[in-house]
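Single-structure report; data block below.
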Amino acid sequence: MIKISFPDHSVREYDSGITALDIASKISHGLAKEVVSATVNGEIWDVTRPIATDASIRLHKFDDPEGKYAFWHSSAHLMAEALEDLYPGTKFGIGPAIENGFYYDIDPGSGAVITEADLPKIEEKMVELARRNSSYIREDISKKDALDFFTRKGDEYKVELIGELEDGTITLYKHGNFTDLCRGPHLPDTGHIKAIKLLSLAGAYWRGDEKRKQLTRIYGITFPKKQMLDEYLSMLEQAKARDHRKIGKDLELFTFSQKVGQGLPLWLPKGAMLRERLENFLRKIQVQYGYLPVITPHIGQKELYVTSGHWEKYGKDSFKPIQTPAEGEEFLLKPMNCPHHCEIYRSKPRSYKDLPIRFAEFGTVYRYEQSGELHGLTRVRGFTQDDAHLFCRPDQLKDEFKKVIDIVFTVFKAFDFQEFTTQISLRDPENKEKYIGSDENWIKAEKAIIEATEEKGMKTTVVVGEAAFYGPKLDFMVKDAIGRKWQLGTIQVDYNLPERFELEYVGSDDQRHRPVMIHRAPFGSMERFVAVLIEHTGGKFPLWLTPDQVVILPISEKYHVYAEKVLNFLNNCDIRTLIDSRNEKIGKKIRDNELKRIPYLLIVGEKEEAEGTVSVRRQGEGDKGSFKPEDFKDMIEKEMARQMEGINS
Ligand SMILES: [Zn+2]
Ligand SMILES: [Zn+2]
């Protein structure tokens, strides 16, 4: 008999050789139908693999990341089987599961070319093969036999991969007519895969090396239920309509110029003003929380980054140093603001009574990204972080953490991110030597983060071994309006930089001590935040933030004088108002301005002029009735005040 322990700490005894699937079916028939993989002693396994020793076990359904991983990776094998059937002689590179679905890099061989038009045919074949309900069978194999097998098959890519593996660790997976070199895990059988969609094709160099052969990468996604696929495809459609690159262009927020350089966003007037409002929003909050503004240059001496360690870490793979006419002078474009802020901390002696010190800067940084990786405002080469560095005593860590959490919550509320998850990343206690900082400080910091989140009533996932080498951290992931997840905001403890920059304060004991440093950026960067916000709202920003709040639509030219009067009144009240004086039908004016996502449309004609009123339409809500301009002003000021609750106080 072996002892199996479950996540709820219960322990049950089973015959040796039992599988996770057997265990699931002893619990319930329904569960057995749904489990797709299992974590056995910390490793993800096939549910059909016999367990021979005492073990801890977690069963995964499709909803778990571990379940999706096995599901989608098995789907990549299914696609490979279909390809081999349709294109005999196809050679296979790698076929992993990814965040949403899977891909396989393939070489169709003998001059065959696969295009988008072929995807439905491959999809159809996959459906046919999935229905055969073939089992995925794991097989240990010696290196020699594996090499023989794939050499005979003529699959040079697999032969190359096997060459790098250790004998005794190699496994094959077979299902139906297809055999793959693979570590697993996989589904019990192909019958679990009920809905299939191949999404796109791309070229991909073998092993990411542009000197080697370009393979065809086929992306796809699969689900255990057809309805899930339908929902996913409709989400993709919605995502397309919300693409921040398109909306940013429509609303004239930002642009790119090949002449200026790729990955370097240019903020247009409407975008720049929007960004200014965002910065002021955060500045206001930061003043309340005792942050002090600092300003630092865009470059720094190479030596600065040698001290910080950034040179060693990023120097080779980023922008090259800048030389001056003077001999031996070298500067780097700033990849991070932290080193500059450390030097500001060092600019005068600090006492325990001065701490915590919080330096904030909207600091622009530059990092090289390959051109293929660039994407709108989310992957750029120059961006501005809403950065701050907090220097505190170890006993102040928890309070500082709680305050940063409050700021993050205020941000989420103001921008209507209602759903989010958080993750605490701790060090791996088995490998303490990998981390910098004393044992005592790590224990203190990890405890401080955990307690801070508990006291804030947050439900967090704790992941052991995910901390950076220099400190534990807390990450926030928000869910946007169509269910996609975005990382926004990280709070990171750092023992490394205070050490490298020899930062000190004089304690109450008159001795010198090292402060603890916290990096935090609730938005991440202005660029990324604006992108996420556009995709979340579809460009319909909260009223206080949106570029144009009100547009006045005169029914005809006769009412332009009255419309101008209302325009002046509202603009004098700091309400961002435009007038649409085009000679167009009112219906067209309404449609055009709604497309520009302007929240309020004020229609003025004969009746309004006679009564001294405006007819109000709210974007997406329709007619709101007629108002005196003063009453309309009060109404929208109240709406903004509600959105900014707790920020201006
Ligand atoms: Zn596999
Ligand atoms: Zn930093």
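Using our numbering, read the sequence shown as starting at 83 and increasing by one per residue.
Glycine residues also receive a C-beta, built at the ideal position from the N, C-alpha and C atoms.
Item checked: His274 CB to nearest heavy atom of ligand 2 below 8 Å -> His274 Cβ: outside cutoff for every heavy atom of ligand 2.
Any idea which residues DSSP pairs Leu141 with across the strands? Ala120
query = Taking just the CA atoms, how far does Ala106 sit from Glu242?
reply = 39 Å
Checklist entry - Which residue spans inside the segment 640-708 form an unbroken alpha helix (DSSP H) run of at least 4? => result Whole alpha helix (DSSP H) segments, 4+ residues: 642-654, 668-677, 688-693.
### Task
Could you tell me whether any non-hydrogen atom of ligand 2 is closer than 8 Å to the CB of Cys420?
Cys420: yes, Cβ under 8 Å from ligand 2.
**OP:** Under the assumption that Leu684 contacts Val648 (Cβ atoms under 8 Å), give the Cβ distance between them as a whole number of angstroms.
**Re:** Contact holds; Cβ gap of about 7 Å.
### Query
Can Met83 and Asp97 be called in contact, C-beta distance under 9 Å?
yes
**Asked** Taking the DSSP output, what are the residues bridged to Lys279?
**Response** According to DSSP, which records beta bridges pairwise, Lys279 is partnered with Ile303.
Review point. Which residues in the same chain have their Cβ closer than 6 Å to the Cβ of Ser282, if we skip the five residues on either side of it in sequence?
Key: Tyr301
Taking 8 Å as the cut-off, is the C-beta of Asp128 nearer than that to any heavy atom in ligand 1? No; taking the cut-off as 8 Å, the Cβ of Asp128 has no heavy atom of ligand 1 nearer than that.
Handout entry: Residue of Leu364, Gln383, Leu141, Tyr552 minimising C-alpha distance to Pro375
Key = Leu364
| query | From Ile661 to Gly702, what distance separates their C-alpha atoms? | reply | 20 Å
Three or more C-beta pairs closer than 8 Å, one from the segment 440-452 and one from the segment 463-476: is that the case here?
-> They touch, by the three-pair rule.
What are the start and end residues of the beta strand (DSSP E) that includes Pro636? 632-636
Based on the DSSP secondary-structure assignment, which residues constitute the bridge partners of Ala550?
BP columns for Ala550 point to Gly553.
**Asked** Exposed or buried, Ser216, counting other C-beta atoms within 10 Å across all chains shown (16 or more means buried)?
**Response** buried
Helix, strand or coil, according to DSSP, for Glu125 in the structure here?
Residue state, collapsed to three classes: strand.
| Straight-line CA distance for Gln725 to Gly553? | 35 Å
Exercise. What beta strand (DSSP E) runs, 3 residues minimum, are completely inside the segment 443-497?
Worked result: 464-474
Tell me where the alpha helix (DSSP H) around Glu388 begins and ends. In the sequence under discussion, the amino acid at residue 388 is Val, which differs from the Glu named in the question. Unbroken alpha helix (DSSP H) run through Val388: 384-390.
- Query: Which first and last residues belong to the alpha helix (DSSP H) in which His618 is found?
  - Reply: Per DSSP, the unbroken alpha helix (DSSP H) holding His618 starts and ends at 608-619.
Can Tyr185 and Ala158 be called in contact, C-beta distance under 9 Å?
yes
- Message: Quick check: is any heavy atom of ligand 1 less than 8 Å from the C-beta of Asp90?
- Response: Checking the Cβ of Asp90 against ligand 1 gives no.
### Query
Between Leu415 and Ile381, which are expected to be in contact by the criterion C-beta below 8 Å, what is the C-beta distance as a whole number of angstroms?
In this structure, Leu415 and Ile381 form a Cβ contact; the two beta carbons are roughly 6 Å apart against a cut-off of 8 Å.
Count the C-beta pairs between the segment 243-255 and the segment 331-350 that are closer than 8 Å, then say yes if the count reaches three, no if not.
-> no
ask   = Within 10 angstroms of its Cβ, does Gly372 collect 16 or more other Cβ (buried), or is it exposed?
value = exposed
### Task
Identify, in the order they occur along the chain, each residue of the same chain with its Cβ nearer than 8 Å to the Cβ of Gly571, setting aside the five sequence neighbours on each side.
Val490, Val493, Asp557, Phe558, Arg602, Ala603, Pro604, Phe605, Gly606.
Please return the same chain residues whose Cβ sits closer than 6 Å to the Cβ of Ala179, not counting the five positions on each side in sequence. Tyr151, Trp154, His155
Check your understanding: At a cut-off of 8 Å, is His392 close to ligand 2 when judged by its beta-carbon and the heavy atoms of the ligand?
Key -> no
Nearest to Asp477 (by Cα), restricted to the options Glu412, Lys435, Phe551: Lys435
Check: Cys474 C-beta below 8 Å from any heavy atom of ligand 1
no
- Going by other Cβ atoms of all chains shown within 10 Å of its Cβ, with 16 needed for buried, is Met717 buried or exposed? Met717 counts as exposed, since fewer than 16 other beta carbons sit within 10 angstroms of its beta carbon.
Problem set entry | For Leu570, three-class secondary structure by DSSP | strand
*asked:* Using 8 Å as the cut-off, can you tell me whether the segment 503-510 makes contact with the segment 619-633, which would need three or more C-beta pairs spanning the two stretches below that distance?
replied: no
Does the Cβ of Glu385 have 16 or more other Cβ atoms within 10 Å, making it buried, or fewer, making it exposed?
exposed
Return the Cβ separation of Pro267 and Asp128 in integer angstroms, given the expectation that the two are a contact with Cβ distance under 8 Å. With a Cβ gap of about 4 Å, Pro267 and Asp128 count as contacting.
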